[in-house]
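Heads up: the protein sequence lines correspond to chains A and B, in order.
According to the numbering used here, the first sequence is numbered sequentially starting from 16.
According to the numbering used here, the second sequence is numbered sequentially starting from 936.
Note that the Cβ used here is the ideal one computed from N, Cα and C, for glycine as well.
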Amino acid sequence: MSSGELEIGVEPTESFLLTTHYSLLTTSLIDLEEENPMHQTTYHRASSVSEAVKLLNDADDGKYVAGGQTLIPTMKQRLAAPSDLVDLRHIADLKGIEVSGDKVKIGAAATHAEVAENAALAKACPAFCHLAAHIGDPHVRHMGTVGGSIANNDPAADYPAALLALAATVHTNKREISADDFFVDLFETALEDDEIITAVSLTVPEKAGYGKFPNPASRYALTGVFVARRADGVRAAVTGAGENGVFRAEAIEKALSSSFDASALDGVTIPADGLMTDIHASAEYRANLIAVMAKRAVQAANG
Amino acid sequence: MAEISMTVNGRKVTGTVEDRTLLVHFLRENQGLTGTHVGCDTSQCGACVVHLDGKAVKSCTMLAAQASGSQVLTIEGLAESGELHPVQAAFKEHHGLQCGFCTPGMIMAAVDMIRRHPQGLDEKTVRAELEGNICRCTGYHNIVKAVLAASEAMSGKAKAA
Chain A
16 MSSGELEIGV
26 EPTESFLLTT
36 HYSLLTTSLI
46 DLEEENPMHQ
56 TTYHRASSVS
66 EAVKLLNDAD
76 DGKYVAGGQT
86 LIPTMKQRLA
96 APSDLVDLRH
106 IADLKGIEVS
116 GDKVKIGAAA
126 THAEVAENAA
136 LAKACPAFCH
146 LAAHIGDPHV
156 RHMGTVGGSI
166 ANNDPAADYP
176 AALLALAATV
186 HTNKREISAD
196 DFFVDLFETA
206 LEDDEIITAV
216 SLTVPEKAGY
226 GKFPNPASRY
236 ALTGVFVARR
246 ADGVRAAVTG
256 AGENGVFRAE
266 AIEKALSSSF
276 DASALDGVTI
286 PADGLMTDIH
296 ASAEYRANLI
306 AVMAKRAVQA
316 ANG
Chain B
936 MAEISMTVNG
946 RKVTGTVEDR
956 TLLVHFLREN
966 QGLTGTHVGC
976 DTSQCGACVV
986 HLDGKAVKSC
996 TMLAAQASGS
1006 QVLTIEGLAE
1016 SGELHPVQAA
1026 FKEHHGLQCG
1036 FCTPGMIMAA
1046 VDMIRRHPQG
1056 LDEKTVRAEL
1066 EGNICRCTGY
1076 HNIVKAVLAA
1086 SEAMSGKAKA
1096 A
């Protein structure tokens, strides 16, 4: 598995997903003999991207940390044990949200709260702000970042659906990667080990909406669908449902291309092949949710 | 080991801690500020909520070293001159607690929520905003009442001033 910015260091199995989202149940299994559940690590604070890269390359088995809202809990569960943590949260170049005409650029270290509350972005693409405002809870949104979320590429995270549907571009310290190429597999992205996401950029769509059925405990997407209508067509991306993470739903895109209205999705069925089955929902249930959430997304986009 | 320094409840503090030390443990064990609780320890219950540079965060989900250089406000720093903060007073008045374990986190979350909604709050918003705080006694009803009352009292106070 190639690595992401917040790679978790274990094979991403279904049991891992269960532990992440149902960690309440599993913490008590942690070795109670040891006072601190987390393995030793060495913390570094980078003030520039180049310094961060150097710190990571000098480390034995280092990881970048941004908001840490996935990585710190993962370390507490001993599912990750990086020798070093390189904190990206204080790098000025990674901050800020710019909206200029129909171009949007969001710094990788922008928090979910900053994205949700940005007035210019709310005007340009309100669906993106709506999505950010429904990640986790207010306290998590004050720390968690766009860059950290997409680098982790949790199959139930929200941003991957938006970025894929909006045909966004991921900017790193080395290159630009299209969202189509960025999200590779569960917890796997196109990022190299020491590569740092610096920003994401997108072109404002004509219309966009996000429909999400949140897991009632974790607020991760049990299934979420982001739809976007652009001059070159309609794109619909699904998170929380695919066995290999976020994906585009062609049947939905095709139906919405002829008519961008929820009624265009009447009778559209999604096959359960390749969808996840876990304790929360079967693949068949998720297949149905995709159609329902797509309708809600279109209604939101047209609302 | 990490040398850290931060301002906690207006007081400059320093400490030498293991890099893996969580902020909540630094506050409780090094600073003796045991008002901030560890509930679930898995980033879900919100009993550990403190303010970091003015914003509510879960102190069990960040290292003390990550908070170095920041301003931290805990439940102990809320009351001024021996007088309860309006949110504390509202929780007392409206019975917003039973066992009290979640209360420090609830109050810190409520103060943050009210700050972000200067135009006022309604019940639906309060319930949605309490997403990150779990209470196993009250059924939330009186917590919501307390937050709404505090929001009203604080905006009234702001208008009077």
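query                                                                                                                                                                               : result
Using only alpha-carbon positions, find the residue among A:ALA264, A:ASP293 and A:HIS295 that is nearest to PHE241 of chain A.                                                     : A:ALA264
Work out the CA separation of LEU179 of chain A and LEU146 of chain A for me, nearest whole Å.                                                                                      : 14 Å
Return the Cβ separation of ARG244 of chain A and GLU268 of chain A in integer angstroms, given the expectation that the two are a contact with Cβ distance under 8 Å.              : Wrong, their Cβ atoms sit about 10 Å apart, outside the cutoff.
Classify THR956 of chain B as buried or exposed, calling it buried when 16 or more other Cβ atoms lie within 10 Å of its own Cβ.                                                    : buried
Examine chain B for any beta-carbon lying closer than 8 Å to the beta-carbon of ASN51 of chain A, and answer yes or no.                                                             : yes
Tell whether a beta-carbon distance below 8 Å holds between THR977 of chain B and PRO52 of chain A.                                                                                 : no
Quick one: residues in its chain with C-beta nearer than 6 Å to the C-beta of GLN1006 of chain B, no 5 flanking neighbours on either side, listed in chain order?                   : THR942 and ASP988
Would HIS1076 of chain B be called buried (16 or more neighbouring beta carbons within 10 Å of its own) or exposed?                                                                 : exposed
Does GLY111 of chain A have its Cβ less than 8 Å from a Cβ in chain B?                                                                                                              : no
Please determine, among B:GLY1074, B:THR1038, B:LEU1032 and B:ALA1024, the residue with the shortest C-alpha to C-alpha distance to ALA1085 of chain B.                             : B:ALA1024
If we ignore side chains and look at the alpha-carbon of each, how far apart do ASN72 of chain A and PRO97 of chain A end up?                                                       : 13 Å
Comparing C-alpha positions only, which one of B:CYS1034, B:THR1073 and B:VAL1061 sits nearest to ALA1044 of chain B?                                                               : B:VAL1061
From the beta carbon of GLY24 of chain A, is the nearest beta carbon of chain B less than 8 Å away?                                                                                 : Caution applies to GLY24 of chain A, whose pLDDT of 38 falls short of 50 and renders its modelled position unreliable; the model cannot decide the point.
Rounded to whole angstroms, what is the Cα-Cα separation between LYS189 of chain A and ALA183 of chain A?                                                                           : 17 Å
Please identify, using Cβ separations under 7 Å, the residues of the stretch 983-1014 of chain B that lie next to chain A, in order along the chain.                                : VAL984, LYS990, ALA991, VAL992, LYS993, THR996, MET997, LEU998, ALA1000 and GLN1001
Would GLY1012 of chain B and ILE1078 of chain B be called neighbours here (beta carbons separated by less than 8 Å)?                                                                : no
Where does the unbroken beta strand (DSSP E) through LYS138 of chain A begin, and where does it stop?                                                                               : Element bounds for LYS138 of chain A: not the beta strand (DSSP E) but the alpha helix (DSSP H), 134-139.
Do you know offhand how far LYS1059 of chain B's Cα is from ARG301 of chain A's?                                                                                                    : 28 Å
Is ARG245 of chain A helix, strand or coil by DSSP?                                                                                                                                 : strand
Listed in chain order, which residues of the stretch 1065-1076 of chain B have Cβ atoms closer than 7 Å to some Cβ of chain A?                                                      : GLU1066 and GLY1067
Assuming VAL119 of chain A and LEU103 of chain A form a contact by the criterion Cβ under 8 Å, report the distance between their Cβ atoms to the nearest whole angstrom.            : About 21 Å; that fails the 8 Å criterion.
Between VAL952 of chain B and ALA999 of chain B, which are expected to be in contact by the criterion C-beta below 8 Å, what is the C-beta distance as a whole number of angstroms? : 5 Å
Run through the stretch 73-160 of chain A for me and flag every whole alpha helix (DSSP H) of 4 or more residues, listed as ranges in chain order.                                  : 86-91, 127-132, 134-139, 141-148 and 153-158
For the alpha helix (DSSP H) containing GLN314 of chain A, list its first residue and its last residue.                                                                             : 298-317
Does DSSP put HIS36 of chain A in a helix, in a strand, or in coil?                                                                                                                 : Confidence is the limiting factor: at HIS36 of chain A the pLDDT is only 45, short of 50, which leaves the residue's position unreliable and the question unanswerable from this model.
Name the chain A residues that come within less than 7 Å of GLY981 of chain B, Cβ to Cβ?                                                                                            : HIS154
Mapping the DSSP letters down to three states, classify ALA214 of chain A as helix, strand or coil.                                                                                 : strand
For the stretch 163-174 of chain A against the stretch 188-208 of chain A, are there 3 or more C-beta pairs whose distance is under 8 Å?                                            : yes
In the DSSP assignment, the beta strand (DSSP E) including TYR225 of chain A goes from what residue to what residue?                                                                : 222-229
Run down chain B in chain order and give the residues with a C-beta less than 7 Å from the C-beta of HIS186 of chain A.                                                             : Chain B residues near HIS186 of chain A: none, gap ~24 Å exceeds 7 Å.
Where does GLU48 of chain A sit, in a helix, a strand or coil, going by DSSP?                                                                                                       : Residue placement at GLU48 of chain A is flagged as unreliable, the pLDDT there being 41, under the threshold of 50; the coordinate-derived value follows with that caveat. Three-state result, GLU48 of chain A: coil.
Can you pull the chain A neighbours of ARG963 of chain B, defined as C-beta to C-beta under 7 Å?                                                                                    : Result: empty, since nearest Cβ-Cβ is about 13 Å, beyond 7 Å.
Would you say ARG190 of chain A faces chain B, with C-beta separation under 8 Å as the test?                                                                                        : no
Going by beta carbon distance, what residues of the same chain come within less than 7 Å of HIS154 of chain A, once the five residues before and after it are set aside?            : none
Look at the Cβ atom of MET308 of chain A, then the Cβ atom of GLU258 of chain A, and state whether they are nearer than 8 Å.                                                        : no
Quick one: list the residues of chain A neighbouring GLU882 of chain B, beta-carbon separation under 8 Å, in chain order.                                                           : Absent from the model: residue 882 of chain B. The displayed extent of chain B is 936 to 1096, so no value can be given.
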